[in-house]
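Trainee:
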Ligand code: SF4
Ligand code: SF4
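Residue numbers (the numbering used here): 949 to 1069.
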């Protein structure tokens, strides 16, 4: 099954809450960029300012101390958000491998493939 941005967010939130879906539901961290999408709902009201992919990009920036280069060169390729960390789909205008729910770390090591990456996002 393809790891869409929404599914990636859900997976990440479950990881954040040690697999406890109730804790994800009751998460009060409304400042977290992916909060609106934590329940895997595509339609959220009121409409969020960021699309799921842009929310992931913001989350990764947050995770990387607001250093875009750090986020782009993130070495945690097993993180559910990894493929979308640049705010675009894996494989679209980038060399990042396509991820799936059965993502295997053997698919690639971003620290090496992103060396000459444009750091603007
Ligand atoms: S919205 Fe943010 S803080 Fe809340 S569970 Fe998800 S990742 Fe964790
Ligand atoms: S992909 Fe990297 S930068 Fe983004 S949330 Fe995961 S560990 Fe942090």
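For every residue, glycine included, the Cβ atom is placed at its ideal position computed from N, Cα and C.
With contact counted as at least three CB pairs below 8 angstroms, one residue from each stretch, are the segment 965-977 and the segment 1008-1020 in contact?
Mentor: Cβ pair count under 8 angstroms is below three, so no.
Trainee: With a threshold of 7 angstroms (Cβ to nearest heavy atom), would residue 986 be considered close to ligand 1?
Mentor: Result yes, Cβ under 7 angstroms from ligand 1.
Trainee: According to the Cβ coordinates, are residue 1035 and residue 1005 closer than 8 angstroms?
Mentor: Against a cut-off of 8 angstroms, the Cβ pair of residue 1005 and residue 1035 comes out as a contact.
Trainee: Which class does residue 1044 belong to by DSSP, given the choice of helix, strand or coil?
Mentor: Annotation note: pLDDT 46 at residue 1044 (below 50); position unreliable, no value reported.
Trainee: According to DSSP, residue 1017 sits in a beta bridge with which residue or residues?
Mentor: None, per the DSSP bridge assignment.
Trainee: Can you tell which of 1020, 1033 and 956 has the C-alpha that lies nearest to the C-alpha of residue 987?
Mentor: When each option's Cα is compared against that of residue 987, the closest is 956.
Trainee: When the Cα atoms are used, what is the spatial distance from residue 1001 to residue 1019?
Mentor: Taking the straight line joining both Cα atoms gives about 14 angstroms.
Trainee: From the DSSP output, read off the bridge partner residues of residue 995.
Mentor: Residue 995 pairs with nothing; no bridge assigned.
Trainee: Apart from the five residues on each side of it in sequence, which residues of its chain come closer than 6 angstroms, Cβ to Cβ, to residue 959?
Mentor: Closer than 6 angstroms at the Cβ level, and outside the excluded window around residue 959, lie 1028.
Trainee: Between residue 984 and residue 972, how many whole angstroms is the CB-CB distance? I'm expecting something under 8 angstroms.
Mentor: About 13 angstroms; that fails the 8 angstroms criterion.
Trainee: Between residue 1038 and residue 1031, how many whole angstroms is the CB-CB distance? I'm expecting something under 8 angstroms.
Mentor: About 4 angstroms separates the two Cβ atoms, so the contact holds.
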